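Trainee: Numbering (full-length UniProt numbering), first residue to last: 1 to 136. Positions of the beta carbon are idealized from the N, C-alpha and C atoms, including for glycine. A quick note: this is a predicted structure, and the numbers were derived from the prediction, not measured. Below you will find the structure I want to go over with you.
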């Protein structure tokens with residue numbers, strides 16, 4: 001499943017200037033796979049970094065400089081209460097958003113996200129231009 005999740009991002013964001021993972025925790029497999037295939041650094045953040053390559057950031061009060069110019073922000077299994085904060089962050093910096101929730105979680109955002117079934121990976125996505133339409 002994680003290879004399929006990575007594959008989707010690789011195929012759809014291969015020309016991105018920057019990709020950021022929010023709430024990286026100690027599961028680095030996806031970010032490292034993206035780095036290998038996209039030949040770019042993937043910025044990883046967490047409130048309590050588990051590795052030196054993860055930047056400390058609180059999604060409740062994010063440092064927008066970290067996320068500036070990101071084409072994609074994604075998060076793997078974030079707690080439901082963080083979903084609206086992650087969506088706001090993506091909206092604030094003009095990035096697409098992918099949330100891969102736990103299989104038992106619902107998406108907790110004020111805007112509808114599209115369910116994506118890609119091979120064995122299931123996740124939710126919203127493109128920035130779709131988020132901007134809600135503001136009009």
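1. Bridge partners of residue 100, per DSSP?
2. Mind checking which residues open and close the alpha helix (DSSP H) that includes residue 67?
3. Starting from the C-beta of residue 42, find all residues in its chain whose C-beta is less than 7 angstroms away, skip the five residues before and the five after it, and write them out in chain order.
4. Let me make sure I understand the geometry here. Which of 98, 52, 12 and 44 has the alpha-carbon closest to that of residue 38?
5. Secondary structure at residue 40, three-state DSSP: helix, strand or coil?
6. Reducing DSSP to helix, strand and coil, say where residue 113 ends up.
7. I'd like to know whether the C-beta atoms of residue 138 and residue 56 end up nearer to each other than 8 angstroms.
8. Opposite residue 21 in the DSSP bridges: which residues?
9. Taking only the alpha-carbon atoms, compute the straight-line gap between residue 60 and residue 120 and give it to the nearest angstrom.
10. Measure the beta-carbon distance from residue 89 to residue 125 and round it to whole angstroms, keeping in mind my assumption that it falls under 8 angstroms.
11. Considering Cα atoms alone, identify which of 81, 128, 71 and 103 is closest to residue 109.
12. What are the start and end residues of the beta strand (DSSP E) that includes residue 82?
Mentor: The short version:
1. 76, per the DSSP bridge assignment.
2. For residue 67, the enclosing alpha helix (DSSP H) has its first and last residue at 64-67.
3. Only 19, 21, 31, 34 and 35 meet the Cβ criterion.
4. When only C-alpha atoms are compared, the closest one is 12.
5. Note: residue 40 maps to coil in three-state DSSP.
6. In the structure shown, residue 113 sits in coil (DSSP, three-state: anything other than H, G, I, E or B).
7. Nothing about residue 138 can be reported from this structure: the residues present for the chain run from 1 to 136 only.
8. As DSSP reads the structure, residue 21 sits in a beta bridge with 44 and 74.
9. Rounded to the nearest whole angstrom, the C-alpha separation of residue 60 and residue 120 is 31 angstroms.
10. In this structure residue 89 does not touch residue 125 by the C-beta definition: roughly 15 angstroms separates them, more than the 8 angstroms allowed.
11. Here the closest residue by C-alpha is 81.
12. Unbroken run through residue 82: none, as it is neither H nor E.
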